[in-house]
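These notes are about the structure you will find just below.
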Amino acid sequence: MTTSEYDDEKKAERLKENMARIEALTARLTNALAHREPPRPSLQAPDSDLFLHGVTAYWTEMAKNPSKALEQQLEFWGKSLKHHLEAQKVLQSGKLKAPADMTPDDRRFSNPLWKTHPYFNYIKQQYMIASGTMQDAIEGLESIDDREKRRLRYFTSQLVDMMAPTNFLATNPDALMKAVETEGESLVRGLENLVRDVEANKGELQVTLADKEAFKLGQNLATTPGKVVFRNRLFELIQFSPTTEQVHRTPLLIFPPWINKYYVMDLKPQNSLIKWIVDQGYTLFVVSWVNPDASYADTGMDDYVAEGYLEAIRVTREITGEPQVNAIGYCIAGTTLALTLALMSKRKDKSVRAATFFTTLTDFSNRGEVGVFLEDDFVDGIEAECNENGYLDSFFMSRTFSYLRSNDLIYGPAIRSYMMGEAPPAFDLLYWNGDGTNLPGKMCVEYLRGLCQQDRFASDTFRICGEDVSLSDVKHPLFAVACETDHIAAWKSSFRGIAKMGSRDKTFIRSQSGHIAGIINPPAKKKYGHHAGPEVKGTPEDWMEVAEFHEGSWWHRWEEWLRKRSGAKIPARIPGDSGYEVLADAPGTYVKSTKNDAMS
């Protein structure tokens, strides 16, 4: 047998094996999809009335001003035809290359073939022309209100992104080249990845963002030493072990968002905010929220404040023997911390000395990008889901936030996993991102209706634990950090809420980057800078005009502020030395609960 014949035989065997694998995988995929429970339609897309209103507005404006519509159409036809003729002319010259490409840079099209190969370049340019025309048409609508236009712009961009040629095998040069190089092996591995994800999510397609076997909590994530010193049905309280001989007298208590898990602040020692705070000489406590199931259906905002915030503050004071604590609230936990502080002011409770807010919204008059999901079409669906199951599955919140950065968190990972056949990366932040928690039904609806939609805390009063409170009731010294490119808590909206609080001692920082990277920004990396301004008043734009930019992280600026409100130094406190027994080592037990645990 010649070498060539031997190679051909090997290829034939490999093809036969791959076909058998594809057949088996296809059967598994079909079986998983057959057992899929169709999700509630109202949680999948906006009400069809949104696009109906958009189409109606377009035709109405066309009837009123036909020249404007005709101009838009002629521009689209002109660009498309011009590009077609240019591409044809180059091919007629006998050269296998693309015409001049003046489209803007887009990292989805980073492969050089998108610019040089006539087939791929033609598809790309036509896509860019069509998508630009759709966006221009929406921007030109004048007969719909700003809120509806904002939603129409967002969901149209989602459709445009979904239809990008990079998302399809036949028009993705990277995937095609990989398939040729691996003799189809990459496509088989991609199908394996697809089947794995569909089976893991009971028929739903949710791409795995990070290698789930690469990380273990307490081993290579959430490794800052500490002890669980208190537990109730809503949270575990972790007291971290000191690394300095002396600590500031006033303890620090962090409330992380209960949408995700606390260890985003303790991913690894190099970027751990928790470790850094401990190293600065503070007695640090962190709340680790439970992952609720259907038994928490009737748990509401009152319960989270009374059994969560007020109880954590009480236990922290009792363990340390101090009359006051300093508190931090991150994202939704910052919103609820503000409610708690307003309640404490009403009750003349001085247990909190000063407060810090990370990426916190309390004024929802302008909800930013996430606001497109806070209209009745989606919230009605969430309420129905909560009424039926008792909780909102973490799947829905995770998917919502992913769609705010769909190319980075949905389409890009799907291409790498399903078309390129690549294994998910060992990326700690993406691992955390996929480790979400459920939300109790009652609390979820109260938050969405009363705070997000009706904006009662900022515009009127919000009732919590028997008291009607407003933003002006928050009178504690406060330090707020918002992030420049935050898709979840827009910095301008965050500023407006802080400006309405009743405190006379306010510091506001705008960090570069987004919701996570702008906060988890260790000084040693010297990566993102920040703006620090004068007193918090006026509009966000007014504040930015006089705010000064500073290189590097805001952490030291905040610690200097905190130090002045944390008292004198005393001997370091050791977890378990106060009468509260140690229940477990950090990171505790609640943080290890998964979605499947909560559903079992």
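The sequence shown begins at -7 in our numbering and counts up by one. Glycine included, every Cβ here is placed at the ideal spot set by N, Cα and C. Only a predicted model underlies this, so the values are computations on that prediction, with no experimental measurement involved.
Check each candidate in the options and name the one with the smallest Cα separation from residue i.
i: F419; options: T163, L179, S85, F207; result: F207
i: F388; options: R20, L17, Q36, E5; result: Q36
i: Y423; options: D203, N263, M11; result: D203
i: Y322; options: P284, S280, K340; result: S280
i: P284; options: T429, I456, Q198, Q445; result: T429
i: L421; options: Y254, I490, R555, K498; result: Y254
i: V466; options: W483, L17, P405, T348; result: T348
i: T215; options: E175, I266, I246; result: I266
i: S464; options: L440, K89, R496; result: R496
i: K354; options: F454, S287, K260; result: According to the sequence displayed, residue 354 carries Thr and not Lys. If we check each option's Cα against that of T354, F454 comes out closest.
i: E184; options: S409, K2, T108; result: S409
i: S386; options: D400, P432, N379; result: P432
i: D478; options: E459, G413, R448, F393; result: F393
i: E459; options: T332, S264, L17; result: T332
i: K71; options: M94, Y288, K89, P416; result: M94
i: S505; options: G494, Y520, T275; result: Y520
i: G292; options: E15, K434, H468; result: K434
i: C457; options: T22, Y301, R397, I562; result: Y301
i: A560; options: T275, N425, R549, Q150; result: T275
i: L186; options: A376, K518, A415; result: A415
i: V593; options: A406, A289, R345, A122; result: Summary: the structure shown does not reach residue 593, with the chain confined to residues -7 through 592, and so no result is reported for it.
So what does DSSP say about residue i, is it helix, strand or coil?
i: Y572; result: coil
i: P110; result: helix
i: F471; result: strand
i: E438; result: helix
i: W546; result: coil
i: E367; result: coil
i: A286; result: helix
i: H523; result: strand
i: L105; result: helix
i: E537; result: helix
i: N318; result: strand
i: I501; result: strand
i: V199; result: coil
i: A347; result: strand
i: G218; result: strand
i: V528; result: coil
i: R309; result: helix
i: I266; result: helix
i: P515; result: helix
i: V239; result: strand
i: S464; result: helix
Compute the Euclidean distance between the alpha carbons of residue i and residue j, then round it to the nearest angstrom.
i: E540; j: A325; result: 28 Å
i: R145; j: Q127; result: 7 Å
i: G313; j: R241; result: 10 Å
i: M11; j: T158; result: 25 Å
i: V297; j: G489; result: 20 Å
i: N588; j: S390; result: Note that N588 scores a pLDDT of 45, beneath 50, so its modelled location is shaky; the value from the coordinates is reported in the next line. Looking at the two C-alpha atoms, the distance is approximately 15 Å.
i: L593; j: Q238; result: This structure leaves residue 593 out entirely; the chain is present only between -7 and 592.
i: E527; j: F487; result: 11 Å
i: H523; j: H542; result: 6 Å
i: E537; j: F500; result: 14 Å
i: Q117; j: P515; result: 43 Å
i: P38; j: V371; result: 10 Å
i: Y582; j: R225; result: 10 Å
i: P315; j: K492; result: 27 Å
i: R502; j: G530; result: 16 Å
i: S59; j: S178; result: 51 Å
i: W483; j: I511; result: 13 Å
i: E175; j: G182; result: 13 Å
i: K340; j: G426; result: 41 Å
i: K81; j: A92; result: 11 Å
i: V180; j: G413; result: 7 Å
i: K584; j: L229; result: 14 Å
i: G382; j: L440; result: 15 Å
Taking residue i and residue j to be in contact with their CB atoms under 8 Å, please state how far apart those CB atoms are, rounded to whole angstroms.
i: I508; j: V256; result: 6 Å
i: K338; j: V461; result: 6 Å
i: W535; j: F471; result: The pair is not a contact, with the Cβ atoms about 15 Å apart (cut-off 8 Å).
i: A481; j: S357; result: About 14 Å; that fails the 8 Å criterion.
i: V317; j: P243; result: 5 Å
Can you check whether the C-beta of residue i is within less than 8 Å of a C-beta belonging to chain C?
i: D534; result: No chain C is part of this structure, which consists of one protein chain only.
Contact the region 241 to 259 vs the region 184 to 196: 3+ CB pairs below 8 Å: No, they do not touch.
Segment contact, 8 Å Cβ cut-off, at least three pairs: the region 572 to 581 with the region 219 to 227: With the rule of 3 Cβ pairs closer than 8 Å, the region 572 to 581 counts as touching the region 219 to 227.
The region 437 to 444 / the region 358 to 375 touching (three or more Cβ pairs under 8 Å): Contact between the region 437 to 444 and the region 358 to 375 is present, because at least three Cβ pairs lie under 8 Å.
Touching by the beta-carbon criterion (3+ pairs, under 8 Å), the region 229 to 246 and the region 548 to 567: The region 229 to 246 makes contact with the region 548 to 567; the number of CB pairs closer than 8 Å reaches 3 or more.
The region 65 to 80 in contact with the region 95 to 103 per 3-pair CB rule at 8 Å: Contact between the region 65 to 80 and the region 95 to 103 is absent: fewer than 3 CB-CB pairs across the two stretches fall below 8 Å.
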